[in-house]
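Notes follow once the structure below has been shown.
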Ligand code: SAH
């Protein structure tokens, strides 16, 4: 809380000053669905789901990853060490097609097929920091996409649950997370509007697609003192990244963090208007 106001000001300033890549970079608009080249093969695995501090054994793009964290993330004010370490550890290039790998550490979102995008690294780090995660926290992600954000979360806590509505992406992400050693991340295909009741309640919820309203089931599945970060707004509107907090008494407080652009939340959210 303390740092956040400062952070918001810094962010707004950053948005104004840094222009292009930052503004257009927020998770990006939908990409045209060109066929994706095959995924790269033959990676070594890392220690599975060991929580904070696990580092990639992939050995590639290490310098690019360090530079990404220093120049795009720390420079913009993210300072939670768990988050910075996680961003240094996860091999982002493994979460995009081979054709995109050279761009994997650039300051922008990238297409992941099916018209969806992997968010800009800074946004992934910022949203993760906002959740104030500690090892052992139970976190739910809506919008698995490539699995990158889930892997970042898995570097911090071993209780990560993630839901993806598009079957092909859900299957690919699940295989990829296994292959890279993130074996404790639980994935499922479905409409994240309804959360994941079986494992609720959650200490934190992160939504990576923009909905017109905050899905009430997600609010119900948040623990008292839990945090949710969610982009709210229509596809053609300026969306707002919101922090939603539940007090120890169960009251819900929302706070607008910054303007963003995410791909749309599909499924039930499009028919409902909130409760
Ligand atoms: N977090 C992802 C990128 C998110 S892109 C990553 O790190 O790669 C947003 C994702 O949300 C897309 O894959 C989209 O299919 C998914 N999505 C949209 N609506 C959804 C819903 N109702 N339930 C679950 N996933 C949804």
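Residue numbers (my numbering): 323 to 597.
Just so it is clear, CB atoms sit at the ideal spot from N, CA and C, and this is done for glycine as well.
What you are looking at is a predicted structure, and each value in this text was computed from that prediction instead of being measured.
*Where does residue 479 sit, in a helix, a strand or coil, going by DSSP?*
Coil, per DSSP.
*asked:* If you measure between the beta carbons of residue 461 and residue 417, is that distance less than 8 Å?
replied: For residue 461 and residue 417, no; Cβs fall outside 8 Å.
*Using DSSP with H/G/I as helix, E/B as strand and the rest coil, what is residue 381?*
In this structure, residue 381 counts as coil in the three-state DSSP scheme.
*Is it true that the region 429-444 meets the region 465-475, where meeting means three or more beta-carbon pairs spaced less than 8 Å apart?*
As far as the Cβ criterion goes, the region 429-444 touches the region 465-475, which means the pair count is three or higher.
*asked:* Between the alpha carbons of residue 287 and residue 587, how many angstroms are there, rounded?
replied: Missing from the structure shown is residue 287; the chain here goes from 323 to 597 and no further.
_Cutting at 8 Å between CB atoms, please list the residues of its own chain near residue 472, excluding the five before and the five after it._
Residues 463, 466, 482, 484, 495, 499, 504, 507 and 509 of the same chain have their beta carbon placed closer than 8 Å to that of residue 472, with the five preceding and five following residues left out of the count.
*Kindly list the residues whose CB is nearer than 7 Å to the CB of residue 459, restricted to its own chain and excluding five residues on each side of it in sequence; keep chain order.*
Taken in chain order, the residues that qualify are 479, 481, 525 and 526.
*Would DSSP call residue 393 helix, strand or coil?*
Helix at residue 393.
*Please confirm whether any heavy atom of the ligand NAP lies closer than 7 Å to the CB of residue 465.*
Of the ligands one can find in the structure shown, namely the ligand SAH, none is the ligand NAP.
*Exposed or buried, what is residue 344 when buried is set at 16 or more other beta-carbons lying within 10 Å of its beta-carbon?*
Annotation note: pLDDT 35 at residue 344 (below 50); position unreliable, coordinate value reported separately. The residue in question, residue 344, is buried, as its Cβ has 16 or more Cβ neighbours within 10 Å.
_Taking 7 Å as the cut-off, is the beta-carbon of residue 497 closer than that to any non-hydrogen atom of the ligand SAH?_
Taken from the Cβ of residue 497, every heavy atom of the ligand SAH lies 7 Å or farther away.
*asked:* Please state whether the Cβ-Cβ distance between residue 497 and residue 511 is less than 8 Å.
replied: Taking 8 Å as the cut-off, the Cβ atoms of residue 497 and residue 511 do not count as close.
*Rank 455, 387, 558 and 555 by C-alpha distance to the C-alpha of residue 415 and give the top, closest one.*
For the residues 455, 387, 558 and 555, the minimum Cα distance to residue 415 belongs to 387.
_Checking 8 Å against the spacing of the C-beta atoms, do residue 522 and residue 561 come in under that value?_
Not a contact, by the Cβ cut-off of 8 Å.
*asked:* Closest to residue 382 by C-alpha separation, out of 394, 411, 401 and 397, would be which residue?
replied: Relative to residue 382, the option among 394, 411, 401 and 397 whose CA is nearest is 411.
*Taking only heavy atoms of the ligand SAH into account, decide whether any of them is closer than 7 Å to the Cβ of residue 425.*
Result no, Cβ not under 7 Å from the ligand SAH.
*asked:* With DSSP as the reference, identify every bridge partner of residue 496, one or two as the case may be.
replied: Residue 496 is not bridged to any residue.
*Does DSSP put residue 554 in a helix, in a strand, or in coil?*
Strand, per DSSP.
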